[in-house]
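K.L.:
Start counting the first sequence at -3; every next residue gets the next number (the numbering used here).
Ideal Cβ positions, reconstructed from N, Cα and C, are used throughout, including at glycine.
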Amino acid sequence: MSSEQIVEQTTAPEEPKRYQPHEIEPRLQAAWDADPSLYAADPIATSKKPKYYVLEMLPYPSGKLHMGHVRNYSIGDALARYQWMNGFNVLHPMGWDSFGLPAENAAIKNNTAPREWTLNNIAEMRKQMQRMGLSYDWSREVTTCLPEYYRWNQWLFLEMLKRDLAFRRKSKVNWCPNCNTVLANEQVISGCCWRHEDTLVEQRDLTQWFFRITNYADELLDGLDNLEGWPEKVRVMQRNWIGRSEGAEVTFAVDQCTDNMTITVFTTRIDTIFGASSLQLAPDHPIVQHWASGDAELSVEVDKMLAEQKTARDTDMLGELPKHGVPTGRSVINPFTGEKLPVWIANYVLSGYGTGAVMSVPAHDERDFEFATKYGLPIKRVIAPNLDTNDLPLPYTDKAESVLIDSGEWTGEAVLEAQEKMSSFAEKNGFGKKTTTYRLKDWGVSRQRYWGTPIPVVYCDKCGMQPVPENQLPVLLPENVDLAVVDGSPLSRVPEFVNTTCPQCDGPARRETDTMDTFVDSSWYFYRYTDARNNTAPFASEAANYWFPIDQYIGGVEHAILHLIYSRYWTKVMRDIGLIKNSEPATRLFTQGMVIKNGAKMSKSKGNVVSPDDMIAKYGADATRMYALFAAPPDRDLEWQEEGVAGVYRFLSRVHRLTTKYAALHRATEHTQTLEGLSVDGQHLLRTLHQTIAKITLDFSGRWHFNTCIASIMMLVNEISASEAKMDAGDISPATIREVFRGLVLLLAPFAPFLSQDLWTELGHSGIVFRQPWPVADAELAREDEIEIPVQVNGKLVIVIKVDAAADADTIKAAAKADEKVAVRIAGKPIVKEIFVPGKMVNLVVKG
RNA sequence: GCCCGGAUGGUGAAAUCGGCAGACACAGCGGACUUAAAAUCCGCAGACCGCAAGGUCGUGGGGGUUCAAGUCCCCCUCCGGGCACCA
């Protein structure tokens, strides 16, 4: 038996067109790929359409797409296609965040070059994205590890250097012994490296490059109030991260001190200063170091405390550390009262915040209270709800509607006013001022690793640090570098790279061998998309100003702090450099939920990873994408169930079968605007179509509950399916059938692009389905002429009656009372209230 | 400790403005088609009582507002996330 005979036997002749995504999808993708202009945005100069920039966060090219990517991109692609159909000039690009450690680690492990490994991964993932049918404009692809891109990192770095926004400083830095490099504060999670959750981060003293993000702390914070299109959650996280705290600095003179030594504290409660009973220093406060150097006993105590703080910080237990301290034997003078206060060293005071010194007011601070109780320090009440009620339990920390007591000339003042007046008083008298502190620290960007952007400066013994002149950019990352993990940057072991000449004096000089944090790359990549092939500037301002801000940015909430705060910062810097006009990168941000399996995030270690490739191989790209949108609303976590994908596949098969069945009829029927003389069944079908259009259109405009959009399309298809006999019998006009299938295919286009394109052609239409106008819901056709009204008696449902949609209240109430079941329940009982909600329900309240 | 989310059938979920709880699917059960199976199609399906008609209960728990509460208010439990001796 030949194989052809087998095919003949298994292919039922009456069903010649089965849904075959593996035939449709690659065929259409090949056709789309052959036309690179298909998804390219219109040129700025000629486009008359309004612009729409939709962007999904660019991935790290690990080699394979995971389900999180699939979900992220399915959301963005549905939106991009929808906006295209709504007549927007859509920019929907994609790129690769391709510098970073995994390439180096893979290179060490497999003995390949990071560049080769990365570019291979990119090629592989691009293929996967294309197989998924994502509508990216590949002519704008951005690959951050290529010199065409990273030279502009260097250029921007030099611009920041000119403006003193990039600077070098010796400081304590976070060091991951596993990555063998420095980490930014944002990359330290619970004392551990963000890439190595079980590796404790060490503190090292190194000279590092920083970006002055703190210059923009206020703008970054205040700007959040206007980002109404961002999730509140992200805004709160950024507010916490920036951590602005308004208060005052007060300087205390050290008592009996010959060299006029002072200690400055930061406090948000200067109003409580009359209740201060001691001054507490962080164990690593400079003055403590100074005193300890001449006091062996104190030195031992301080070292112990420091070790204890470090351990607690590493294990994320800083807050639980029992409070303790040691007296220094010295005192300071409270400048407000002239009182002598003992100076202690306390383990709950942190050097990294404020001034590393606090005044201790036990009566009005939980921590100070605990400390003072333990060591028997005086607890003096200076704040009360009012002058008469002054015996509430301590510590009393309320600020609002409280007044000062026993506070000299400020007694009786309200707390908030007293804070203003007392800071001014301190300032006038030279021992303090109003001030603001931030949790946000400057962004350390030096990395002692190979696979990143070289920092474009050189060091000359004669001329010092010199920026690389612009015409010498890019500083190319050398190839064939030994990546062995030992101290120091791998670049420092490449003499051809290190040894250069000073741009100032032409004498011998050494290049900077650190590379930039990869978050620099992703801080501005979305501007590059607007003019991706520009080789004389990072991008033309004209292009960026046309496209920006991004209308909709979509990505995971895990970037709420890192990427999303850095890129807001760069936007402000680039604005101040004069490159762009916008102050925020994106007006709307959407953070999609995680993809989980068996209740846990998919991960190799849990063995619950579902491969997108497998899903596409089994069910096709359309079914896989559509399931990702159908299984849960996009902002919630999504439990991946393969049976669900199979269900969507079956649904698409039904769509395919029905549409192809009526395709010939569709092709033979002229489009007619007049839909008069419709049969009841035809009317019904059209009504469902237009209700579905209305529902989906509404959802795209706000809620994005694509799961219910797809459910409504399923209902439409169920109804078409139920009308099959009537369509076949001629009870529904060809014009109606034509309308319904045409509408169905258009509605499906954002969710199942391949099938809709295939069916669009099958229906006899030419061209690209995503260039068709989005269907408009006709309110008249969508209107129900008969509605169902639930009738309640005393709030309990009795029956649902059908009434004319236009019926008035009295008619409906009468119909309700006339119903047998209702009549039985209200018989002989006085009706005390009749509630009628138009179009919704009737409730008869009876007595007894 | 503080700040965000969340909790609804066997499962994913729906109910957009306080108005029929469980749409749409998945899994399940029954049936049709088939020699048989797959595929497909039709039907059933919150729980409990009942042969049925029907009734009672039901959106994490407790209270409240209302003619009417998954939805609003108060208190509590659990789960997820973020922040945290931040002075």
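#1: Can you tell me which of the three DSSP states residue 210 falls into?
#2: Evaluate residue 94 with the Cβ neighbour count: other Cβ atoms within 10 Å of its Cβ, from every protein chain shown; 16 or more gives buried, anything less gives exposed.
#3: Only counting the same chain, and skipping five residues up and downstream in sequence, which positions put a Cβ closer than 6 Å to that of residue 678?
#4: Rounding to the nearest angstrom, what Cα-Cα distance links residue 228 and residue 555 in this structure?
#5: Check for me: the alpha helix (DSSP H) holding residue 678 runs from which residue to which?
#6: Could you tell me if residue 779 is buried or exposed, where buried requires 16 or more neighbouring beta carbons within 10 angstroms of its beta carbon?
#7: If I measure Cβ to Cβ from residue 363 and keep anything under 6 Å in the same chain, skipping five residues before and after, which residues do I get?
#8: For the putative contact between residue 263 and residue 246, defined by C-beta atoms under 8 Å, what is the C-beta separation to the nearest angstrom?
#9: By DSSP, does residue 295 sit in helix, in strand, or in coil?
#10: Roughly how many angstroms separate the alpha carbons of residue 803 and residue 225, rounded to a whole number?
#11: Would you mind stating whether residue 204 and residue 348 have Cβ atoms separated by less than 8 Å?
#12: Do the region 604 to 612 and the region 238 to 252 touch if we need at least three Cβ pairs shorter than 8 Å?
#13: Throw me the rounded Cβ distance for the residue 444 and residue 510 pair, which I believe falls under 8 Å.
#14: If you pair each beta-carbon of the region 427 to 436 with each one of the region 114 to 121, do three or more pairs fall below 8 Å?
#15: Alpha carbons only, please: which of 82, 532, 600, 476 is nearest the one belonging to residue 466?
#16: Let's test the definition: count the other Cβ atoms within 10 Å of the Cβ of residue 618 and tell me whether it reaches 16, buried, or not, exposed.
#17: Answer yes or no: do residue 741 and residue 655 have a C-beta to C-beta separation smaller than 8 Å?
#18: Is it the case that the region 157 to 170 contacts the region 190 to 210, given that we only count it when at least three CB pairs across the two stretches are under 8 Å?
#19: Return the residue from the list 410, 499, 491 that minimises the CA-CA distance to residue 454.
#20: In its own chain, which residues sit with a C-beta less than 8 Å from the C-beta of residue 359, not counting the 5 before and 5 after it?
#21: I want to check one thing, is the minimum distance from the CB of residue 577 to the heavy atoms of the ligand FAD below 7 Å?
#22: Is the beta carbon of residue 796 sitting closer than 8 Å to the one on residue 785?
#23: Could you have a look at residue 52 and say whether DSSP puts it in helix, strand or coil?
#24: Can you list, in chain order, the residues of its chain whose CB lies under 6 Å from that of residue 486, leaving out five sequence neighbours each side?
#25: Output the distance between the C-alpha atoms of residue 817 and residue 788, rounded to the nearest integer angstrom.
#26: Quick one: measure Cβ to Cβ for residue 527 and residue 535, integer angstroms, because I've assumed they're closer than 8 Å.
#27: For the putative contact between residue 127 and residue 612, defined by C-beta atoms under 8 Å, what is the C-beta separation to the nearest angstrom?
#28: Can you give me the C-alpha to C-alpha distance between residue 34 and residue 70, rounded to a whole angstrom?
#29: Do you know offhand how far residue 4's Cα is from residue 16's?
#30: For residue 20 and residue 751, which I take to be in contact (beta-carbon distance under 8 Å), what is that distance rounded to the nearest angstrom?
#31: Would you decide whether residue 18 is buried or exposed? Buried here means 16 or more other CB atoms lie within 10 Å of its CB.
#32: Would you report the Cα separation of residue 219 and residue 144, rounded to the nearest angstrom?
#33: Would the beta-carbon of residue 147 fall within 8 Å of that of residue 634?
#34: Can you give the Cα-Cα distance for residue 370 and residue 288, rounded to whole angstroms?
#35: With 16 as the cutoff for other CB atoms within 10 Å, does residue 508 come out buried or exposed?
#36: Scan the region 110 to 155 and note each continuous alpha helix (DSSP H) run of 4 residues or more that stays entirely inside, going in chain order.
P.N.:
This is what the structure holds:
#1: In the three-state reduction of the DSSP assignment, residue 210 falls in the helix class, which pools H, G and I.
#2: Buried: at least 16 other Cβ atoms inside 10 Å.
#3: The answer, listed in chain order, is 728, 729, 732.
#4: Cα to Cα, residue 228 sits roughly 14 Å from residue 555.
#5: Unbroken alpha helix (DSSP H) run through residue 678: 676 to 697.
#6: Of the residues assessed, residue 779 falls on the exposed side of the cut-off, its CB having fewer than 16 other CB atoms within 10 angstroms.
#7: For residue 363, where only same-chain residues beyond five positions count, the Cβ hits under 6 Å are 344.
#8: Between residue 263 and residue 246 a beta carbon distance of about 6 Å is seen, short of the 8 Å cut, so the two are scored as contacting.
#9: It is helical.
#10: Whole-angstrom Cα-Cα distance: 42 Å.
#11: Contact flag unset, no.
#12: As far as the Cβ criterion goes, the region 604 to 612 does not touch the region 238 to 252, which means the pair count is below three.
#13: Cβ-Cβ separation between residue 444 and residue 510: approximately 6 Å, consistent with a contact (criterion under 8 Å).
#14: The region 427 to 436 is not in contact with the region 114 to 121.
#15: Measuring from the Cα of residue 466, the nearest candidate turns out to be 532.
#16: Counting Cβ neighbours within 10 Å, residue 618 comes out buried, since at least 16 surround it.
#17: Against a cut-off of 8 Å, the Cβ pair of residue 655 and residue 741 comes out as a contact.
#18: Yes, the region 190 to 210 touches the region 157 to 170.
#19: Comparing Cα positions, the closest option is 499.
#20: Shown here for residue 359: same chain residues with a beta carbon closer than 8 Å to its own, the five before and five after excluded, namely 268, 271, 365, 375, 376, 377, 378, 379, 390, 391, 392 in chain order.
#21: Within the structure as shown, the ligand FAD is missing, as the structure has no ligands at all.
#22: Cβ atoms of residue 796 and residue 785: closer than 8 Å.
#23: Reduced to three states, the DSSP call for residue 52 is strand.
#24: The beta carbon of residue 486 lies closer than 6 Å to those of 446, 477, 479 in the same chain, with the five residues before and after it left out.
#25: Going by the C-alpha atoms only, they are around 11 Å apart.
#26: Your pair residue 527 and residue 535 checks out as a contact, with CB atoms roughly 4 Å apart and the cut at 8 Å.
#27: Taking a contact as a CB-CB distance under 8 Å, the pair residue 127 and residue 612 counts as one, their CB atoms being some 6 Å apart.
#28: Inter-residue distance for residue 34 and residue 70 is about 18 Å (C-alpha atoms, whole angstroms).
#29: Only weak support exists for where residue 4 lies, its pLDDT of 33 falling under 50; the value from the coordinates is given anyway. The straight-line gap separating the alpha-carbon atoms of residue 4 and residue 16 is approximately 17 Å.
#30: Beta-carbon to beta-carbon, residue 20 and residue 751 are separated by about 7 Å, close enough to satisfy the 8 Å threshold.
#31: Burial call: exposed.
#32: Between residue 219 and residue 144, the C-alpha separation is close to 32 Å.
#33: A distance of 8 Å or more separates the beta carbons of residue 147 and residue 634.
#34: Distance between the alpha carbons of residue 370 and residue 288: 24 Å.
#35: Looking at its Cβ environment, which holds 16 or more other Cβ atoms inside 10 Å, residue 508 is buried.
#36: Here the runs fully enclosed are 110 to 127.
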